[in-house]
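Worksheet: one structure, shown below.
Residue numbers (the numbering used here): 33 to 542.
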């Protein structure tokens, strides 16, 4: 793994030797001032003041994570990333004897609205997906506003949730954060802040004019050093392909142009000529545009971490599986920008098991991981397992006896009329087919008798593996409604008390 990462995140020795790229005092001061203004725009300035004060300390370092601005907080793994980041920041603060701030980097440059506009709520037998009926416009999601359709969306979510002692508190928070007229970045930032601000989480993003101004040199370098950047990424990606696969295709450009009409448009190049759709620029013109108006430009998946690490003294980034893979493509990119690659930590991975689900799991013959199979396969396996009579064996033996009894009659019929041999075969084949149909009827009868258990199987699957892994498809809102809006802080405290193990998948019983 040392070919792809500079630090082993599971090595205490490596963690004690972490180096961070230097951030000038001037840049630190300018960044803090710009971030204060950004927090005012997001409506979270007051709650972030103590974190910013801590961050203003020139010795302060950071552990960073980030995610798209999913409606109502996105899937569970967004919460798990944040918990991991806070726990690691506190751990490293003690280890290094320096202030360390947990940072959530808002993916406020992303323009894929469809990816953020739905959530999943587990039902009795399947995952209910609810989509926000709002079209994206190609611009960064952070520049798009919550529309009146949020009311219908909220009503649909409410209809999927049972009323509990915690429902009123939950909807008070969601309705306060997701108001018509707020931008999606405001709404998401307010929600994350309402959950985690007391744990010292600092909210950061880059789609803000004052912050873009601080990283325009990164944008310019991505133009002037485009060949070196492409070679660094491609060489590392080829190396990764020998062991794994490349997560992201390397292009000739790592920058987008934000056009007033067309939205966020990828820049492409042909030598020194650059194109954004039907717009064409020479290198000098493009550099001049960046220098005078950097807010019109946006980094891609490779350049975003560079922007992040220029602005933040980053000890480590908490990444999901896909991010881990594309960070492995980036090791040689950091030196191009005279940066140290941060330690890449895998995020907490977990499945939450409710008490009612755990109870009915004990009545079924499956290991937990088995529920990742198709529901049809689970049902067939259970029916076969639960049948006290060996139905397959019964019909197999019946067919074998049928075949054994054919030889005698067939020999006699052939002596009477050889042309009837084919008809005998058809009769036997027809009888065999009828046996198969009968076996199916027997299995269906068993299935009807076992319907209660089959309903339990469907319920367990919808909770644990509703659409793949639970953490990738279920909204945190579901658990906040049932167990309280403070459930994630309680979980965080549990991991603070017990060393968080990021090398394994956790089974957490509620």
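Note that beta-carbon positions come from the ideal geometry of N, C-alpha and C, so glycine has one too.
- Within a 10 Å sphere around the beta-carbon of residue 341 sit 16 or more other beta-carbons, which makes this residue buried.
- Of the other Cβ atoms in all chains shown, fewer than 16 fall within 10 Å of the Cβ of residue 481; this residue is therefore exposed.
- Beta-bridge annotation (DSSP): residue 157 is not paired with any residue.
- Sorting 180, 221, 198 by C-alpha distance to the C-alpha of residue 212 places 180 at the top.
- For residue 210, the three-state secondary structure derived from DSSP is coil.
- As summarised for the region 170-255, the continuous alpha helix (DSSP H) elements at least 4 residues long and confined to that stretch are 181-192, 199-209, 216-228, 241-246, given in chain order.
- In this structure, the CA atom of residue 154 is about 20 Å from the CA atom of residue 182.
- Here DSSP, grouped into helix, strand and coil, assigns residue 463 to helix.
- Bridge partners of residue 349 according to DSSP: 96, 376.
- With respect to the C-alpha of residue 483, the residue from 291, 216, 396, 252 having the closest C-alpha is 396.
- When DSSP reads this structure, residue 318 sits in no beta bridge, so it has no partner.
- For the set 322, 210, 365, the Cα lying nearest the Cα of residue 334 is the one of 365.
- Secondary structure of residue 302 (DSSP, three-state): strand.
- With a threshold of 16 other beta carbon atoms within 10 Å, residue 493 meets it and is buried.
- Among the bridge pairs identified by DSSP, residue 433 is matched with none.
- In this structure, DSSP gives residue 541 an extended state, which the three-state scheme calls strand.
- Annotated three-state conformation of residue 297 is strand, per DSSP.
- Pairing residue 148 with residue 105 gives a Cβ-Cβ distance that is not under 8 Å.
- Residue environment for residue 215: buried (at least 16 other C-beta atoms within 10 angstroms of its C-beta).
- Shortest Cα-Cα distance from residue 112 to any of 464, 351, 425, 498 involves 351.
- Within the same chain, Cβ atoms closer than 7 Å to the Cβ of residue 295 are found at 143, 169, 170, 171, the five residues on either side in sequence being excluded.
- Contact annotation, residue 280 with residue 165: C-beta distance approximately 31 Å; criterion of less than 8 Å not satisfied.
- Here residue 286 really is in contact with residue 332; their C-beta atoms are around 5 Å apart, less than 8 Å.
- Distances from the CA of residue 135 to each of 58, 225, 236 were compared; the closest alpha carbon is that of 236.
- Between residue 141 and residue 301, the C-beta gap is not smaller than 8 Å, which leaves the two residues out of contact.
- The shortest CA-to-CA distance from residue 95 to any of 196, 225, 234 is the one to 234.
- Under the DSSP assignment, residue 128 falls in the alpha helix (DSSP H) whose first and last residues are 108-128.
- For residue 515, the CB contacts under 8 Å within the same chain, skipping 5 residues up- and downstream, are 198, 542 in chain order.
- Per DSSP, residue 289 is not a residue of any alpha helix (DSSP H); the beta strand (DSSP E) it occupies stretches across 287-291.
- Pairing residue 407 with residue 490, the inter-Cα distance amounts to about 7 Å.
- Between residue 225 and residue 82, the C-beta spacing is not below 8 Å.
- Counting along the chain, residue 381 sits inside the beta strand (DSSP E) bounded by residues 381-385.
- Under the three-state reduction of DSSP, residue 360 is assigned to coil, being neither helix nor strand.
- Within 10 angstroms of the beta-carbon of residue 472 lie fewer than 16 other beta-carbons, which makes it exposed.
- The three-state reading of DSSP puts residue 135 in strand, counting E and B together.
- The beta carbon of residue 222 lies closer than 8 Å to those of 74, 75, 76, 208, 209, 214 in the same chain, with the five residues before and after it left out.
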